[in-house]
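Set out below in structure tokens:
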């Protein structure tokens, strides 16, 4: 381990010490706050976009907490090696199970209640709105961001780590996917969005895509806002939005209707 500072965000400060489990000492001020712990070789890239807009405001207000665990700190030898060549040959490098295992155990030290461990991987279940809802109802989440050819399979098996995917494509690492998953989850936490009704009406909340949205000016480049939205008749507006939601879903994502 090193004595370099480990990033934490919100109102909690964390420093890496010779006793890595001190990373996760509880902070009485933020006890019970939904927390994300991210194991990564690039801790300085966080909070990134998560530190802006509503998620950033909620982070500063202590509505959620973000901690980063530097995987390099658990590396082997003088050069803190975290990877090795694939067993059986092949290109690339694989993250070592002993290195990742130590990081996972420290990340999970002191966790409470329902606290899943996720690994960002193209092999995993695709992230969707229901997954974000489920995670927002947990006490926290630990996210392992892979690099190179991935992580030794034994780590996933031993700790019961769930693989989740951003989509059917391959990226250079899991950090960007982790941003997306955390953004989708944090916005569902109590008090993060000012208007709770916006969550109920947005895409996927009712199993369909969201209806079209309009705002002022009433006419733009010859295109006008649909008359029903200007009528002031809330019942007709609700009917129009429901019908449009069904139409768009049928045209673009018929699989959702099935």
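In the UniProt record's numbering, the protein residues as written are 1 to 258. Each residue gets a CB set at the ideal place from its N, CA and C atoms; glycine is no exception. Only a predicted model underlies this, so the values are computations on that prediction, with no experimental measurement involved.
Alpha-carbon to alpha-carbon, residue j and residue i
i, j, result
"residue 76", "residue 170", "27 angstroms"
"residue 191", "residue 62", "11 angstroms"
"residue 142", "residue 37", "5 angstroms"
"residue 239", "residue 222", "25 angstroms"
"residue 183", "residue 256", "22 angstroms"
"residue 252", "residue 160", "36 angstroms"
"residue 72", "residue 86", "19 angstroms"
"residue 242", "residue 194", "23 angstroms"
"residue 225", "residue 211", "13 angstroms"
Residue(s) in a DSSP beta bridge with residue i
i, result
"residue 69", "39"
"residue 118", "143, 162"
"residue 223", "220"
Residue i classed as buried or exposed, judged by whether at least 16 other C-beta atoms fall within 10 angstroms
i, result
"residue 119", "buried"
"residue 215", "exposed"
"residue 26", "The predicted position of residue 26 is uncertain, since its pLDDT is 46 and thus under 50; no value can be drawn from it."
"residue 245", "buried"
"residue 172", "exposed"
"residue 208", "buried"
"residue 213", "exposed"
Nearest to residue i (by Cα), restricted to the options the options
i, options, result
"residue 259", "45, 252, 123, 74", "The structure shown does not extend to residue 259, since the chain is modelled only from 1 to 258, so the question has no answer here."
"residue 126", "48, 164, 172, 49", "164"
"residue 175", "145, 47, 78", "145"
"residue 95", "82, 101, 88, 105", "82"
"residue 135", "187, 220, 235, 227", "187"
Integer Cβ distance of residue i from residue j, believed to fall under 8 angstroms
i, j, result
"residue 107", "residue 69", "5 angstroms"
"residue 168", "residue 217", "Not confirmed; about 40 angstroms, so no contact."
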